[in-house]
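So for the sequence shown, this note's numbering puts the first residue at 12; every next one is plus one.
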Amino acid sequence: MNAQLHPVPANDELDAFWMPYTANRQFKANPRLLARAEGMHYWTPDGRQVLDGVAGLWCVNAGHGRREITEAVTKQLSTMDFAPSFQMGHPIAFELANRLAAISPPGLDRVFFTNSGSESVDTALKMAIAYHRARGAGQKTRLIGREKGYHGVGFGGMSVGGIVNNRKIFGSSMLPGVDHLPHTLNIEHNAYSRGLPAWGAHLANELERLIGLHDASTIAAVIVEPISGSAGVILPPVGYLKRLREICDKNDILLIFDEVITGFGRIGKPFASLAFDVTPDLMASAKGLTNGAMPMGAVFAHRKIYDAVMQAPEGSIELFHGYTYSAHPASCAAALATLDIYTKEGLLTRAAAMSSQWENAVHSLRGLPHVVDIRNCGLIGAVELEPRAGKPGARAFEIFLKCFERGVMVRQTGDTIAMSPPLIIDAKQIAQLVDTLGSVIRETA
Ligand SMILES: Cc1ncc(COP(=O)(O)O)c(C=O)c1O
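This is how it looks when you write it as structure tokens:
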């Protein structure tokens, strides 16, 4: 088996790769390499097995090494490696769009392909502005995001995002005309809520305050993650998303859900929108779309948005936007094979069946040293730790490292440990994940 693996880089061969969202110097001094993956596990180059508690990066929902996806991509690449989607088309793209439209929230049956979550977000923001302009409301250009929101790293997504470290360096280069709702994390009121917290629906009313400040006639869209992942798993209070929807409707403002992590079964329905019974006008997705095997994103647009933009003069390009690799044939093949697996194995709803077992397991960590909150929904869990004095994030980072040494991969953001395992996880693996994390927390000062 090891004979097939790529040679491990020597320590002096690590510098050329400027690693994303990584403490490069710290990592390169003590690299953590993954060499192989199958099912619920990774293996390090020296053959150590690591349970994947985060589905890679919230994307490998059907587990690793799915042969069906590999075969579909291989077949597609050997049939037709690339075809442009600008003024040309290829069949598999249309097939995939139809398959996605069939599982989309009501009315969101027009699908635009991108290559990542960041591109999906920027695409959705541009569609919102284009929609209003097409209806003769070209002054509606303002975008409303939310504190602690993460919408990727494009200038659009960064501007509507609300995580300070992503923003502070680029301060004066942000999009103009953006404002933010308050975030919904409140440990004082909601610590140890099981599922959605009861307190906080009224925070959606802050949108009315922003409308009072800017006027609805200037606002194109509000974008939120139904559940924020990157900021440390922030859940919407019961009724919050419905209230946002009502205020948007009353004021002719589009509602965009960023479902890059919640899409494709993470919380027990194909999309969080369906689980929470709130339908946005635009929905950004990526990650689980191809089970992480190929880079791909998709924006789901309500038909009213598509139809409005299609009013452009006959023969003209209606939306001047797209990517060379939009609907890349190999990514389309990966997505179709992924959807087949999701359907065959019931993975788009499995998280609902597993969620109470998961919830009990994750909440069993309550009472451990430095734990101040535990949050869960579907197959998402988070343990919030008290920060070390003057060293935010240090305790959680140490816990992440120790977990990895003990054969479990979790994710650390700030002082939160987040878990989002592949949706195929079984009871024994849930126990291993949570027990390992628990024993590491117990022994970390
Ligand atoms: C909610 C959300 N939006 C957008 C993104 C950006 O996706 P990508 O890294 O594929 O650009 C992420 C990535 O984690 C995300 O969680």
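C-beta: ideal position from N, C-alpha, C; glycine also.
beta-carbon His-162 near ligand 1 non-hydrogen atom, thresh 7 Å: For the purposes of this step, residue 162 is taken as the residue at position 151 of the sequence shown. Yes, ligand 1 has a heavy atom inside 7 Å of this Cβ.
Contact set for Asn-13: own chain, Cβ-Cβ below 6 Å, skip 5 residues either direction: For the purposes of this step, residue 13 is taken as residue 2 along the sequence shown, with counting starting at 1. Since pLDDT at Asn-13 reaches only 46, below the 50 mark, its modelled position is unreliable, and the value read off the structure follows with that caveat. Excluding residues within five positions, none has a Cβ falling inside 6 Å.
Asp-63 Cβ short of 7 Å to ligand 1 heavy atom set: The residue you call residue 63 lines up with position 52 of the sequence shown. Distances taken from the Cβ of Asp-63 to the heavy atoms of ligand 1 include none shorter than 7 Å.
6 Å Cβ shell around Met-185 - same chain, five flanking residues per side excluded: Along the sequence shown, one-based indexing puts residue 185 at 174. Correct list, in chain order: Ser-170.
As assigned by DSSP and simplified to three states, the class of Arg-146: Along the sequence shown, read from residue 1 onward, the residue named residue 146 stands at position 135. Three-state result, Arg-146: coil.
Run of the alpha helix (DSSP H) containing Cys-70, from where it starts to where it stops: Along the sequence shown, read from residue 1 onward, the residue named residue 70 stands at position 59. Premise fails: Cys-70 is in no alpha helix (DSSP H) and is neither H nor E.
Opposing strand residues paired with Val-235 [DSSP bridges]: Stepping through the sequence shown from its first residue, residue 235 is reached at position 224. Paired residue(s): Phe-268.
Trp-69 Cβ short of 7 Å to ligand 1 heavy atom set: Here residue 69 refers to the residue found at position 58 of the sequence shown. Yes; taking the cut-off as 7 Å, the Cβ of Trp-69 has a heavy atom of ligand 1 nearer than that.
CB contact flag (Ala-309, Phe-124, <8 Å): Taking the first residue of the sequence shown as position 1, residue 309 is located at position 298. Taking the first residue of the sequence shown as position 1, residue 124 is located at position 113. Going by C-beta atoms, Ala-309 is nearer than 8 Å to Phe-124.
Same chain, Cβ closer than 6 Å to Ile-464, neighbours up to 5 away in sequence not counted: Shown here, the chain extends from 12 to 456; a query on residue 464 therefore has no answer.
Proximity test, Glu-416 beta-carbon vs ligand 1 heavy atom, cut-off 7 Å: Your numbering for residue 416 matches position 405 in the sequence shown. No, Cβ of Glu-416 sits at least 7 Å from all heavy atoms of ligand 1.
Pair within 8 Å by beta-carbon distance, Leu-444 and Leu-62: Taking the first residue of the sequence shown as position 1, residue 444 is located at position 433. Taking the first residue of the sequence shown as position 1, residue 62 is located at position 51. Yes; because the gap between Cβ atoms is below 8 Å, this pair is in contact.
Coarse secondary structure for Gln-322, derived from DSSP in three states: Translated into positions along the sequence shown, residue 322 becomes position 311. Correct three-state label for Gln-322: coil.
Coarse secondary structure for Tyr-53, derived from DSSP in three states: Within the sequence shown, numbered from 1, the residue matching residue 53 stands at position 42. Assignment of Tyr-53 by DSSP, reduced to helix, strand and coil, places it in the strand class.
Gly-392 CB to nearest heavy atom of ligand 1 below 7 Å: On the sequence shown, position 381 is the one that residue 392 refers to. No, the Cβ of Gly-392 stays beyond 7 Å of every heavy atom of ligand 1.
Integer-rounded CB distance, given that Ala-362 should sit under 8 Å from Leu-330: Here residue 330 refers to the residue found at position 319 when the sequence shown is read from its first residue. Here residue 362 refers to the residue found at position 351 when the sequence shown is read from its first residue. Wrong, their Cβ atoms sit about 34 Å apart, outside the cutoff.
Alpha-carbon to alpha-carbon, Leu-266 and Leu-258: Reading the sequence shown from its first residue, position 247 is the one you call residue 258. Reading the sequence shown from its first residue, position 255 is the one you call residue 266. Per the sequence presented here, residue 258 reads as Ile, with Leu not at that position. Cα-Cα distance, rounded: 10 Å.
Near ligand 1: Glu-236 beta-carbon under 7 Å from a heavy atom: By one-based count along the sequence shown, residue 236 stands at place 225. Yes, ligand 1 has a heavy atom inside 7 Å of this Cβ.
Buried/exposed call for Leu-255, threshold 16 Cβ in 10 Å: Translated into positions along the sequence shown, residue 255 becomes position 244. By the 10 Å Cβ count, Leu-255 comes out buried.
Beta carbon of Ala-429 nearer than 8 Å to that of Val-235: For the purposes of this step, residue 429 is identified with residue 418 of the sequence shown, where counting begins at 1. For the purposes of this step, residue 235 is identified with residue 224 of the sequence shown, where counting begins at 1. Result no, Cβ atoms of Ala-429 and Val-235 do not sit closer than 8 Å.
Ligand 1 heavy atom lying under 7 Å from the CB of Ile-245: The residue labelled residue 245 in the question sits at position 234 within the sequence shown. No, the Cβ of Ile-245 stays beyond 7 Å of every heavy atom of ligand 1.
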